[in-house]
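Residue numbers (the numbering used here), protein chains in the order written: chain A, 1 to 138; chain B, 139 to 276; chain C, 277 to 414. For reference, the structure discussed in these notes is given below.
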Amino acid sequence: MTFQKTFQTQTRGRGTYDITRNVEEVVARSGIETGICHLFIHHTSASLVLCENADPSVRSDLERFMSKLVPDGDPMFDHTIEGPDDMPAHIRSILSKMDLSFPVTGGRSALGTWQGIYLWEHRIHSHHRKVTVTILGD
Amino acid sequence: MTFQKTFQTQTRGRGTYDITRNVEEVVARSGIETGICHLFIHHTSASLVLCENADPSVRSDLERFMSKLVPDGDPMFDHTIEGPDDMPAHIRSILSKMDLSFPVTGGRSALGTWQGIYLWEHRIHSHHRKVTVTILGD
Amino acid sequence: MTFQKTFQTQTRGRGTYDITRNVEEVVARSGIETGICHLFIHHTSASLVLCENADPSVRSDLERFMSKLVPDGDPMFDHTIEGPDDMPAHIRSILSKMDLSFPVTGGRSALGTWQGIYLWEHRIHSHHRKVTVTILGD
Numbered sequence: 001m002t003f004q005k006t007f008q009t010q011t012r013g014r015g016t017y018d019i020t021r022n023v024e025e026v027v028a029r030s031g032i033e034t035g036i037c038h039l040f041i042h043h044t045s046a047s048l049v050l051c052e053n054a055d056p057s058v059r060s061d062l063e064r065f066m067s068k069l070v071p072d073g074d075p076m077f078d079h080t081i082e083g084p085d086d087m088p089a090h091i092r093s094i095l096s097k098m099d100l101s102f103p104v105t106g107g108r109s110a111l112g113t114w115q116g117i118y119l120w121e122h123r124i125h126s127h128h129r130k131v132t133v134t135i136l137g138d
Numbered sequence: 139m140t141f142q143k144t145f146q147t148q149t150r151g152r153g154t155y156d157i158t159r160n161v162e163e164v165v166a167r168s169g170i171e172t173g174i175c176h177l178f179i180h181h182t183s184a185s186l187v188l189c190e191n192a193d194p195s196v197r198s199d200l201e202r203f204m205s206k207l208v209p210d211g212d213p214m215f216d217h218t219i220e221g222p223d224d225m226p227a228h229i230r231s232i233l234s235k236m237d238l239s240f241p242v243t244g245g246r247s248a249l250g251t252w253q254g255i256y257l258w259e260h261r262i263h264s265h266h267r268k269v270t271v272t273i274l275g276d
Numbered sequence: 277m278t279f280q281k282t283f284q285t286q287t288r289g290r291g292t293y294d295i296t297r298n299v300e301e302v303v304a305r306s307g308i309e310t311g312i313c314h315l316f317i318h319h320t321s322a323s324l325v326l327c328e329n330a331d332p333s334v335r336s337d338l339e340r341f342m343s344k345l346v347p348d349g350d351p352m353f354d355h356t357i358e359g360p361d362d363m364p365a366h367i368r369s370i371l372s373k374m375d376l377s378f379p380v381t382g383g384r385s386a387l388g389t390w391q392g393i394y395l396w397e398h399r400i401h402s403h404h405r406k407v408t409v410t411i412l413g414d
């Protein structure tokens, strides 16, 4: 069995946005008991990650780390058409990935207790983002 | 067809642990001939990676690289509740990923000759870790 | 339904190679309407990434960034049997991943407008690389 659903969301600029509930609703609706849930973001400057979901400082530390690892406006970048966050957003997305998947067990998302699903916007400004959820299994 | 199996393991602190055999046993038991094998670790401070499986210095070099990239006790981190390796473990897991998948061909894991599957413990101390293997295919 | 196909390619040394068409041909041939397309590279010194497909400077900037992040010949590496790019190629592959997947919708690859699929060769010299495409769905 295969169940697929696309949703769209508007980010408010760089940062992590909890989409766990959006995804879990699709899992519940799919009627699939055992399998995997696959997520995909159709962009090259935003990504999908699993992150600790209890202490918000984990996500601010993660953001700070990434901003230091791939600095906006780094003079080594040639691709700066859309501004100093353009090329860093592409690299950040490649390092944190545009696909993500996890098991479905007993008709539910089998995430760990502390795992939340986050859409990570890497551009400074607000963007419209599209995510596809595909559930495969029995 | 879908086959799913969870296993648990106790790590002995930071480092990479070969789980290739555990996974290949599940693939063999599944009876699935063609498809994918999907692995997932239900934690935010350990990850799953494919790594060269012949020379142990690859994995010690990898560990050294990661320790330098995300230093324990870095003063930029606010999230230090569980110690200097707490936040680095979250970042290391996000950079190396909690999900991993590879093809199943002819009823077996279609890994490359030099690819081994490793559970990467990012915390300094021993932890109990849970991994789910899901095999999808025909 | 499951459809699997392996293809081989010869790289001309370090860099990114567009394999979007090779993959899309397999998707079309599979006859699968809704599901996921899973890609896997059977090596530990090359990887698979989604990257912006319009401006080539994105990929040269990405290469430059990675070369700085994981420098060839870094004296911290012990594993240097095959030269100064040996261990960096393993780390670069782990950071950029050997598996990649995206949705199939309406019998076609549901990639974003700017997403191209690239095989990323991390070794300096030419190598023979094997990629398996597995499509799962209905």
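Each residue gets a CB set at the ideal place from its N, CA and C atoms; glycine is no exception.
Buried or exposed by the 16-neighbour rule on C-beta atoms within 10 Å, applied to residue i
| i | result |
| --- | --- |
| residue 241/B | buried |
| residue 44/A | buried |
| residue 204/B | buried |
| residue 358/C | exposed |
| residue 413/C | buried |
| residue 288/C | exposed |
| residue 386/C | buried |
| residue 167/B | exposed |
| residue 397/C | buried |
Member of the options whose CA lies at the smallest distance from the CA of residue i
| i | options | result |
| --- | --- | --- |
| residue 271/B | 174/B, 243/B, 197/B and 148/B | 174/B |
| residue 126/A | 85/A, 106/A and 101/A | 85/A |
| residue 10/A | 128/A, 137/A, 32/A and 135/A | 128/A |
| residue 251/B | 150/B, 154/B, 145/B and 193/B | 193/B |
| residue 49/A | 88/A, 20/A, 106/A and 137/A | 20/A |
| residue 383/C | 292/C, 288/C and 299/C | 299/C |
| residue 42/A | 392/C, 340/C, 400/C and 406/C | 392/C |
| residue 87/A | 338/C, 346/C, 279/C and 329/C | 338/C |
| residue 228/B | 53/A, 74/A and 73/A | 53/A |
| residue 239/B | 269/B, 259/B and 197/B | 269/B |
| residue 336/C | 51/A, 64/A, 70/A and 76/A | 76/A |
N-terminal and C-terminal residue of the alpha helix (DSSP H) that residue i is part of
| i | result |
| --- | --- |
| residue 90/A | 86-96 |
| residue 340/C | 332-345 |
| residue 154/A | Because chain A is modelled from 1 through 138, residue 154/A falls outside the range shown and cannot be assessed. |
Proximity test, residue i beta-carbon vs the ligand GDP heavy atom, cut-off 7 Å
| i | result |
| --- | --- |
| residue 117/A | Among the components modelled here there is no ligand, and therefore nothing to report on the ligand GDP. |
Extent of the continuous beta strand (DSSP E) run through residue i
| i | result |
| --- | --- |
| residue 379/C | 375-381 |
| residue 3/A | 2-10 |
| residue 80/A | Neither: residue 80/A is in no beta strand (DSSP E) and is coded neither H nor E. |
Beta bridge counterpart(s) of residue i as assigned by DSSP
| i | result |
| --- | --- |
| residue 255/B | 188/B |
| residue 266/B | 148/B |
| residue 205/A | Residue 205/A lies beyond the residue range present for chain A, which begins at 1 and ends at 138; the question has no answer from this structure. |
| residue 153/B | 259/B |
| residue 45/A | Answer is none; residue 45/A lacks a bridge partner. |
Integer Cβ distance of residue i from residue j, believed to fall under 8 Å
| i | j | result |
| --- | --- | --- |
| residue 92/A | residue 47/A | 7 Å |
| residue 145/B | residue 236/B | No, residue 145/B and residue 236/B are not in contact; Cβ-Cβ is about 15 Å, not under 8 Å. |
| residue 195/B | residue 355/C | 4 Å |
| residue 257/B | residue 155/B | 5 Å |
| residue 170/B | residue 273/B | 5 Å |
| residue 105/A | residue 2/A | That belief does not hold up - the Cβ atoms of residue 105/A and residue 2/A are roughly 18 Å apart, past 8 Å. |
Proximal residues of chain E, C-beta to C-beta of residue i below 7 Å
| i | result |
| --- | --- |
| residue 280/C | Of the protein chains in the structure, A, B and C, none is chain E. |
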